[in-house]
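J.: With the UniProt record's numbering applied, the sequence shown corresponds to residues 1 to 307, in that order. Just so you know, even glycine gets a beta-carbon here, dropped at the ideal spot from N, CA and C.
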Amino acid sequence: MSTSNPVSPVNPYDQFVQSSQKITEKPAPITKVNKIYYFSGTGNSLLVARKLASRLSKPWADKDPKSGADMVVLETQLVPIVSALHVPPSDEKISCLGLVLPVYMSNPPHIVLDFIAKMPKADYVFVVLTCGMMVGDALYKVQSAIDKTKNRMNAGYVIPLISNFIVLPKTKSDKKVDASFSKIDDKINFICKNVETGFFHMDKQTTPFLTKPINWAAFDTMYEKVPELDKKFTVNDSCTSCGTCVNVCPVDNIDLKDGKPEWNHRCEMCFACINWCPESAINWTKFTEKKKRYQCRGMTPTDLILK
Ligand SMILES: Cc1cc2nc3c(=O)[nH]c(=O)nc-3n(C[C@H](O)[C@H](O)[C@H](O)COP(=O)(O)O)c2cc1C
Ligand code: SF4
Ligand code: SF4
1 MSTSNPVSPV NPYDQFVQSS QKITEKPAPI TKVNKIYYFS GTGNSLLVAR KLASRLSKPW
61 ADKDPKSGAD MVVLETQLVP IVSALHVPPS DEKISCLGLV LPVYMSNPPH IVLDFIAKMP
121 KADYVFVVLT CGMMVGDALY KVQSAIDKTK NRMNAGYVIP LISNFIVLPK TKSDKKVDAS
181 FSKIDDKINF ICKNVETGFF HMDKQTTPFL TKPINWAAFD TMYEKVPELD KKFTVNDSCT
241 SCGTCVNVCP VDNIDLKDGK PEWNHRCEMC FACINWCPES AINWTKFTEK KKRYQCRGMT
301 PTDLILK
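(1) May I ask you to check if the CB of residue 44 is nearer than 8 Å to at least one heavy atom of ligand 1?
(2) CA-CA distance, residue 290 and residue 167?
(3) Relative to the C-alpha of residue 86, which candidate in 263, 262, 251, 279 has its C-alpha closest?
(4) Return helix, strand or coil for residue 4, following the three-state DSSP convention.
(5) Which stretch, first to last residue, makes up the alpha helix (DSSP H) that contains residue 139?
(6) Fully enclosed by the segment 210-261, which alpha helix (DSSP H) runs are 4 residues long or longer?
(7) Return yes when at least one heavy atom of ligand 5 lies under 8 Å from the C-beta of residue 165, else no.
(8) With H, G and I counted as helix, E and B as strand and the rest as coil, what does DSSP make of residue 179?
(9) Does residue 6 pass the burial test, meaning 16 or more other C-beta atoms within 10 Å, or should it be called exposed?
(10) Look up residue 122 in the DSSP assignment and give the residues it is bridged to.
(11) Say whether the segment 218-230 touches the segment 194-205, bearing in mind that this needs 3 or more beta-carbon pairs closer than 8 Å, one atom from each stretch.
(12) Can residue 270 be considered in contact with ligand 2, in the sense that its beta carbon sits closer than 8 Å to one or more heavy atoms?
(13) What does the Cβ neighbour count give for residue 1, buried or exposed, with the cut at 16 atoms within 10 Å?
(14) Quick check: does the Cβ of residue 199 come within less than 8 Å of any heavy atom belonging to ligand 1?
(15) Please check the pair residue 304 and residue 272, which I expect to be a contact at CB under 8 Å, by giving their CB distance rounded to whole angstroms.
(16) Am I right that residue 96 and residue 151 are in contact with their C-beta atoms under 8 Å? What's the rounded C-beta distance?
(17) Would you say the beta carbon of residue 235 comes nearer than 8 Å to a heavy atom of ligand 2?
(18) Identify the continuous beta strand (DSSP E) that holds residue 33 and give its terminal residues.
(19) Would you say the beta carbon of residue 245 is closer than 8 Å to some non-hydrogen atom of ligand 1?
(20) Would you check whether ligand 3 has a heavy atom nearer than 8 Å to the C-beta of residue 68?
(21) Nearest by alpha-carbon distance to residue 133: which of 105, 182, 236 is it?
(22) For the segment 71-84 and the segment 35-49, state whether three or more C-beta atom pairs, one from each stretch, are separated by less than 8 Å.
(23) For residue 294, which residues does DSSP report across the bridge?
(24) Are the segment 237-246 and the segment 273-283 in contact at 8 Å, needing three or more beta carbon pairs?
(25) Please tell me whether, using a cut-off of 8 Å, the distance from the CB of residue 103 to the nearest non-hydrogen atom of ligand 1 is below it.
(26) For ligand 3, I want to know if residue 108 counts as a neighbour, meaning its beta carbon is within less than 8 Å of at least one of the ligand's heavy atoms.
(27) Do residue 102 and residue 182 have their C-beta atoms within less than 9 Å of each other?
(28) Could you check if residue 8 is buried or exposed, using at least 16 other CB atoms within 10 Å of its CB as the buried criterion?
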């Protein structure tokens, strides 16, 4: 009598059950939530924020190293900072948080600093500044504000575009505007690759060494007075009482009184009102008279009113 155990043939049904058990045991995909918060007066920062949100909404094919689960980003939400400030803090887990903002007098806008203080916690935080040509130490100021919170800034970038501070610059030619905007997409790709790989990065600061102390002294003094700098706005007889200035103001700082705008001294100096007025009826000191107004190409007041 043979003592050897014959090898039992594999039952195809058992095989099917085993393999389907394997499938059901696979960890469920993890959904990552990304948020891009932005502040914008004339659309430069909004344009950059939209491009980032669109690029970062593509699903990631990453695997979670611990569980092996597929990590999927379903969407990246684009949130105006002016709206986010009115939402109570939540425990929502954010994978990647982007902040996109303009530079004012070598500083971040005051309202962005207010937001940073109550910003939700995120695994990876990156900051993108849009500016004219001189970022000063605005990026460092954003970083030190973030350092005072539970978040850390993992990456910081500067995208020089066109200045909407029409007091100073000469109007740029269409060629120069094209040249500035043609570089955006490459920079967006660079930023998004760093986001996807979780890389640390800090753009170099560009202010010339000798002008730094003067710029900082002059700008910082003016920056402290920002909320009341709207006392220098005037309106001329071309005003048609259309209300655009009231609607584009991100902080509701303008009322129409007898059909003309009045400023209420809680200004952010975003220059939306002066640049979007269809009649160029608003001025800020005599230095804006006869200057061409600036709006980011492809943007309308409606884009900025969506708060
Ligand atoms: C009051 C004010 C101050 C500004 N100061 C600077 C500055 O110090 N350096 C700079 O490069 N650009 C400066 N700018 C230009 C803006 O940073 C730049 O045009 C920005 O892209 C505008 O963004 P937005 O279109 O999203 O509002 C200033 C603009 C304003 C209105
Ligand atoms: S946007 Fe210009 S025209 Fe319209 S109400 Fe304001 S100042 Fe007057
Ligand atoms: S009053 Fe004008 S410059 Fe000041 S925050 Fe409103 S839109 Fe911007």
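T.: Based on what the coordinates show:
(1) yes
(2) 10 Å
(3) 251
(4) No answer about residue 4 holds up, because its pLDDT of 43 lies below 50 and its placement is not dependable.
(5) 138-147
(6) 212-224, 244-248
(7) In terms of ligand content, the structure shown lacks ligand 5 and carries ligand 1, ligand 2 and ligand 3 instead.
(8) helix
(9) With a pLDDT of 45 at residue 6, under the threshold of 50, the modelled position of that residue is not reliable, and the figure given next carries that caveat. Exposed, since its Cβ has fewer than 16 Cβ neighbours within 10 Å.
(10) 94
(11) no
(12) no
(13) Per-residue confidence for residue 1 stands at a pLDDT of 41, beneath the threshold of 50, marking its modelled position as unreliable; no derived number is given.
(14) no
(15) 6 Å
(16) That pair is no contact at about 12 Å.
(17) yes
(18) 30-38
(19) no
(20) no
(21) 105
(22) yes
(23) Beta-bridge pairing links residue 294 to no other residue.
(24) yes
(25) yes
(26) no
(27) no
(28) Unreliable positioning characterises residue 8 in this predicted model, as indicated by a pLDDT of 48, which lies under 50. The coordinate reading is nonetheless provided below. By the neighbour-count rule (16 or more Cβ atoms within 10 Å), residue 8 is not buried but exposed.
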